[in-house]
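For reference, the structure is listed below as structure tokens.
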Amino acid sequence: MSDFFEIAYAAASNRLCLFTGTGFSKAVSNNEAPSWQALLESICDITSDPTRLKSALFPVGEKPPLSLEEAAQVISIALLKIDKNIHEEIASRIGKLTLKGDNLAIADFLSKKSFSVVTTNYDKLLEGLSGTTGCQSLTPGLPIPRSQSRVSVYHVHGSIDSPENMVVTSDDYFKFINGESYFSRKLSTVLYENTIVILGYSLGDTNLKAIISDYKEFSRNHVIGSNIFLVSRSVINQHIKDYYSHCYGIRVLDKTEIINFFKSLNASMSDAEIRLATSIENIKMAIFKGKEFSKDYLKFENTFFEIISSLSAIGLSINDARVVKTLGDIIKTKTELTQEDNAWLQYEHLARWLIYLASILELKGTSIEKIYLDAALHSMNTMRKNLRLGYSWQAFQAWNNRWQGIISSNRDLIRKHIEANTDSPDALFVVRSA
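All residue numbers for the sequence shown refer to this note's numbering, where the first residue is 254 and numbers rise by one.
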């Protein structure tokens, strides 16, 4: 399954939240939005001794002695000596940013779909792309709109609409982290209730890491799959991906520019919207009334991913006894489909379904563990690295190409099961790959 179909399905069911940082603003302003350090350096230029201040805070070729919020605090003190305010100076610079470059695919999504946004950016560029109709901008220090809207943008660190409430200095961060505000509570809520896509943001903010870490424990306790994606334009090392997955439950989409992310998302929306209407009703019939999915329905690759997404939409855990029974029946039926004539696609689908499940759910200790491992063993016993009659070359390619995308603890679990139950050289090749 394409990760983009899963995200599109969340958007179609009004369960998508974008989490945007500086990289997003840079992408939609043709790189004119400054980095946090570049912004602070520009503020230094209006102090009484900019050269000495910048060399102290941002020494060339050396690691800065202070964090950026601490540096902002120092700059703030220097500005007070000349009757200037760092919040107002930053708001003045950020307020001049405008949308530039090719933003058509981004605007096509943002101006038509319903979603939430949590942003640490001070600018209003995203609101500009979303359109004034149906878009609410919520900023600390300003009244909270009570009406519903198609798009809600939560500026958790403040915005240029209320400079005095922007989180800039170390004092501001301390108050934000230790305060129980509407915005800090809202940030926690959206993590629990939505599929999150992090755009143009790194996990450098300690407060945000703490909240995401809390979510990880919540997802483990309720045995739900990871629903946080980090979109990165650069390649991310597999060890780093494992770290994101293990510590924060984040799946990484690397080598993906923001504009290309939205192009792929738009391409998946039509199919997701069509399937949404029937998939939720289908899962309710299966879970609550014991109905079985037909073989014809389960022949399609996206079926399984719709079912998983539908579980979240109706608020059920994967570990719910009824869900486990349904998933077991589905996997059993899919396995039977691989034994029919001309079933080469079914071998590949089964492999992809199992890989997907192991990439979003930590399996060890759950009641679906045995069902999963038996199906994985069947899949790997019926695949081959080279073309061979009666075995699936495509299933091998799926396992081999996506093995590293599986949660590291699941890779260990699967490897041990395969090593204990088969001598297939191709299966062992996959599970023993680095």
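For every residue, glycine included, the Cβ atom is placed at its ideal position computed from N, Cα and C.
The structure presented is a predicted model; accordingly, all values stated were derived computationally and were not measured.
Integer-rounded CB distance, given that residue j should sit under 8 angstroms from residue i
| i | j | result |
| --- | --- | --- |
| residue 322 | residue 332 | Contact doesn't hold; Cβ gap of about 15 angstroms is too wide. |
| residue 281 | residue 357 | That belief does not hold up - the Cβ atoms of residue 281 and residue 357 are roughly 11 angstroms apart, past 8 angstroms. |
| residue 422 | residue 326 | 4 angstroms |
| residue 512 | residue 355 | 6 angstroms |
| residue 628 | residue 584 | 5 angstroms |
| residue 383 | residue 364 | 6 angstroms |
| residue 257 | residue 524 | Rounded, the Cβ-Cβ distance is 10 angstroms, inconsistent with contact. |
| residue 368 | residue 407 | That belief does not hold up - the Cβ atoms of residue 368 and residue 407 are roughly 12 angstroms apart, past 8 angstroms. |
| residue 420 | residue 371 | Contact doesn't hold; Cβ gap of about 13 angstroms is too wide. |
Range covered by the beta strand (DSSP E) that runs through residue i
| i | result |
| --- | --- |
| residue 371 | 368-372 |
| residue 273 | 269-273 |
| residue 450 | 448-452 |
| residue 345 | No beta strand (DSSP E) contains residue 345, which is instead part of the alpha helix (DSSP H) from 339-347. |
| residue 664 | No beta strand (DSSP E) contains residue 664, which is instead part of the alpha helix (DSSP H) from 661-674. |
| residue 655 | Unbroken run through residue 655 is the alpha helix (DSSP H), 646-655; no beta strand (DSSP E). |
| residue 211 | There is no way to answer for residue 211, as the model of the chain reaches only from 254 to 687. |
| residue 389 | 388-391 |
Cβ-heavy atom distance, residue i to the ligand GTP, below 7 angstroms
| i | result |
| --- | --- |
| residue 584 | No copy of the ligand GTP occurs in the structure displayed, which carries no ligand at all. |
Residue i classed as buried or exposed, judged by whether at least 16 other C-beta atoms fall within 10 angstroms
| i | result |
| --- | --- |
| residue 510 | exposed |
| residue 678 | exposed |
| residue 611 | buried |
| residue 640 | exposed |
| residue 530 | exposed |
| residue 313 | exposed |
| residue 669 | exposed |
| residue 392 | buried |
| residue 591 | buried |
| residue 320 | exposed |
| residue 426 | buried |
| residue 263 | buried |
| residue 589 | exposed |
| residue 373 | buried |
| residue 480 | buried |
| residue 686 | exposed |
| residue 288 | exposed |
| residue 673 | exposed |
| residue 377 | buried |
| residue 477 | In this prediction, residue 477 has a pLDDT of 48, which is less than 50 and means its spatial position is unreliable; what the coordinates show is noted afterwards. With 16 or more Cβ atoms within 10 Å of its Cβ, residue 477 is classed as buried. |
| residue 388 | buried |
| residue 475 | Confidence in residue 475 is poor, its pLDDT being 48 and thus under 50, which makes the residue's placement unreliable; the coordinate value appears in the next sentence. Burial call: exposed. |
Residue span of the alpha helix (DSSP H) that contains residue i, given as start and end
| i | result |
| --- | --- |
| residue 546 | Unbroken run through residue 546: none, as it is neither H nor E. |
| residue 399 | Premise fails: residue 399 is in no alpha helix (DSSP H) and is neither H nor E. |
| residue 313 | Here residue 313 belongs to no alpha helix (DSSP H), and DSSP marks it neither H nor E. |
| residue 558 | 555-566 |
| residue 684 | 678-684 |
| residue 321 | 321-333 |
| residue 299 | Premise fails: residue 299 is in no alpha helix (DSSP H) and is neither H nor E. |
| residue 481 | Note, residue 481: premise wrong, no alpha helix (DSSP H); beta strand (DSSP E) at 481-484. |
| residue 616 | Where residue 616 is concerned, there is no enclosing alpha helix (DSSP H), given that its DSSP letter is neither H nor E. |
| residue 633 | 622-634 |
| residue 690 | No statement about residue 690 is possible, as the shown extent of the chain runs from 254 to 687 and does not include it. |
CA nearest to the CA of residue i, picked from the options
| i | options | result |
| --- | --- | --- |
| residue 293 | 683, 301, 302 and 311 | 311 |
| residue 522 | 304, 313 and 362 | 362 |
| residue 405 | 440, 670 and 524 | 440 |
| residue 676 | 263, 630 and 651 | 630 |
| residue 349 | 285, 565 and 336 | 285 |
| residue 486 | 683, 418 and 277 | 277 |
| residue 580 | 559, 599 and 507 | 559 |
| residue 528 | 305, 562, 497 and 622 | 562 |
| residue 652 | 613, 626, 480 and 607 | 607 |
| residue 359 | 291, 544 and 514 | 514 |
| residue 624 | 634, 578 and 596 | 578 |
| residue 413 | 438, 347, 662 and 260 | 347 |
| residue 682 | 380, 572, 663 and 638 | 638 |
| residue 255 | 556, 573 and 588 | 556 |
| residue 304 | 480, 621, 328 and 289 | 328 |
| residue 508 | 501, 483 and 532 | 483 |
| residue 632 | 620, 503, 564 and 645 | 645 |
| residue 613 | 324, 659 and 554 | 659 |
| residue 417 | 337, 481 and 495 | 337 |
| residue 616 | 302, 667 and 377 | 667 |
| residue 261 | 520, 548, 574 and 316 | 520 |
| residue 654 | 377, 604, 366 and 394 | 604 |
| residue 505 | 674, 544 and 454 | 454 |
| residue 428 | 443, 411 and 442 | 411 |
| residue 663 | 634, 619, 650 and 635 | 619 |
| residue 494 | 318, 656 and 385 | 656 |
| residue 601 | 517, 330 and 554 | 554 |
Contact with chain B by residue i, beta-carbon distance below 8 angstroms
| i | result |
| --- | --- |
| residue 510 | Given the protein chain composition of this structure (a single chain), no chain B is represented. |
If you pair each beta-carbon of the region 290-302 with each one of the region 399-415, do three or more pairs fall below 8 angstroms? In short, these stretches do not touch, since the Cβ pair count stays below three.
Hey, is the region 270-281 in contact with the region 436-456, meaning 3+ C-beta pairs nearer than 8 angstroms? Cβ pair count under 8 angstroms is three or more, so yes.
At least 3 beta-carbon pairs within less than 8 angstroms: the region 262-269 vs the region 538-552: In this structure the region 262-269 does not touch the region 538-552; the number of beta carbon pairs closer than 8 angstroms is below three.
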